[in-house]
Amino acid sequence: MIRGAGTVLNVVTVLLGSGLGLLLGQRLPHRTRDVVTDSLGLVTLLAAALSAAAVLDPALTEAVGSGAVLVVLGSLLVGSIAGSLLRVEQRLEHAGGALQQRFARSRSTLHSSLPDVGAVVTTDGDHESRERFVQGFLTASLVFCVGPLTILGPINDGLGRGIDMLALKATLDGFAAIAFASSFGVGVAVSAVTIAVVQGSLTGLGWALGDVLPAAHIAALTATGGLLLAGIGIRLLRLREVPVGDMLPALAVAPVLTQLVVVLR
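Those letters in the sequence shown? Residues 9 to 273, per the numbering used here, in order.
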């Protein structure tokens with residue numbers, strides 16, 4: 009199997025799922041799309057709970073003793089502070105807005121070459137369309153690129169161990185993309201770019217460095233990622249706008265903090 013094939017499969021399933029979701033979204037009433045989004049939020053919380061349970065992993069407990077929860081807490085605090093100072097969430101939103109504007113310009117160019125049908129685009133409509141695009145791009149990018157499979161799958165692929173993990177992730181992401189695109193529109197499809205960049209980079213890392221993360225470090229990363237997924241679920245349920253983007257550096261902090269605790273012990 010060619011290294012990187014798993015990420016390619018993931019990108020394809022997200023694009024196909026997004027296309028199907030766009031078709032369905034045009035035929036579904038607003039209340040139905042809201043129910044779909046709420047359902048996806050609940051399932052995201054379930055996935056978050058399963059991932060967060062890695063804090064009880066025997067390998068992590070053996071490595072850090074009773075401080076597993078403190079490792080996850082420290083990872084979130086340090087990562088969130090760093091992400092907030094770096095304005096990660098804001099930068100992701102700006103990136104989504106820039107992509108939406110480029111898409112809108114391309115669409116406008118296409119429409120200008122067609123006969124005028126008297127369509128009127130209002131400023132409010134443009135703003136609503138932009139917000140919907142950014143929300144879809146940001147939410148889908150975070151959901152598709154936060155879970156433990158996003159880390160473990162590409163690294164295994166890069167090591168030449170097969171794409172089983174990414175095949176599973178691609179299937180899950182494809183179904184999720186249908187639900188997302190039916191609610192948020194074309195921004196979900198553009199999140200395939202994020203998947204290609206993030207997972208492609210991790211595949212290259214696995215290829216170059218080999219298996220560098222012990223089981224305890226992976227468990228800490230998985231548990232931290234589970235809490236980030238919980239934040240996404242809360243956002244999808246419209247309970248609170250948790251700044252999950254600013255928390256993303258916690259994924260990098262978790263293995264480092266775990267190693268620090270191991271050394272100090």
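Just so you know, even glycine gets a beta-carbon here, dropped at the ideal spot from N, CA and C.
Rounded separation between residue i and residue j - CA only
i	j	result
LEU174	LEU100	24 Å
ALA55	ILE89	25 Å
LEU176	LEU32	24 Å
VAL220	VAL194	37 Å
ALA227	PRO263	9 Å
GLY166	ILE203	15 Å
PRO251	ALA216	32 Å
LEU229	SER149	18 Å
THR222	VAL196	Note that residue 222 corresponds to Pro in the displayed sequence, not to Thr. Roughly 34 Å separates the two Cα atoms.
ALA57	GLY87	20 Å
LEU272	SER83	16 Å
PHE141	THR15	23 Å
ARG243	THR266	28 Å
SER92	MET255	8 Å
LEU237	SER190	21 Å
ALA60	LEU235	6 Å
GLY27	LEU210	27 Å
VAL72	LEU85	18 Å
VAL261	LEU78	13 Å
VAL44	PRO37	11 Å
ARG169	GLY208	15 Å
PHE183	PRO257	27 Å
VAL96	GLY253	6 Å
LEU245	ALA187	14 Å
GLU139	ALA185	18 Å
ASP65	SER74	12 Å
Reduced DSSP category for residue i - H, G, I as helix; E, B as strand; rest coil
i	result
VAL194	coil
ILE203	helix
VAL220	coil
GLY170	coil
GLU139	helix
VAL270	helix
VAL250	coil
ILE10	coil
LEU256	coil
LEU213	helix
LEU229	helix
LEU339	Outside the modelled stretch of the chain, which goes from 9 to 273, sits residue 339, for which no answer is possible.
LEU157	helix
Beta-carbon proximity list for residue i, same chain, < 6 Å, skipping 5 on both sides
i	result
VAL80	VAL63, ALA231, THR232
LEU180	none
ALA178	LEU17, ASN18, THR21
VAL30	In the sequence under discussion, the amino acid at residue 30 is Leu, which differs from the Val named in the question. Result list for LEU30: ALA189, in chain order.
PHE145	GLY104, GLY195, VAL198, SER199
LEU157	MET173, LYS177
GLY25	GLY182, ALA185, ILE186
Close Cβ partners of residue i (< 8 Å) along its chain, the five nearest in sequence each way excluded
i	result
GLY214	PRO162, ILE163, ASN164, ASP165, GLY166, LEU167
Cβ-based neighbour list, residue i, same chain, cut-off 7 Å, excluding 5 preceding and 5 following
i	result
CYS153	THR202, ILE203, VAL206
LEU53	ALA238, GLY241
ARG11	ASP165, GLY166, GLY168, THR211, TRP215
THR69	ALA76
ILE159	LEU210, LEU229
Cβ of residue i within 8 Å of any chain D Cβ
i	result
THR45	Absent from the structure is chain D; it holds one protein chain and no more.
Any non-hydrogen atom of the ligand ATP within 7 Å of residue i CB
i	result
SER199	No copy of the ligand ATP occurs in the structure displayed, which carries no ligand at all.
Alpha helix (DSSP H) runs wholly inside the segment 20-103, at least 4 long, in chain order: 38-60, 66-72, 76-94
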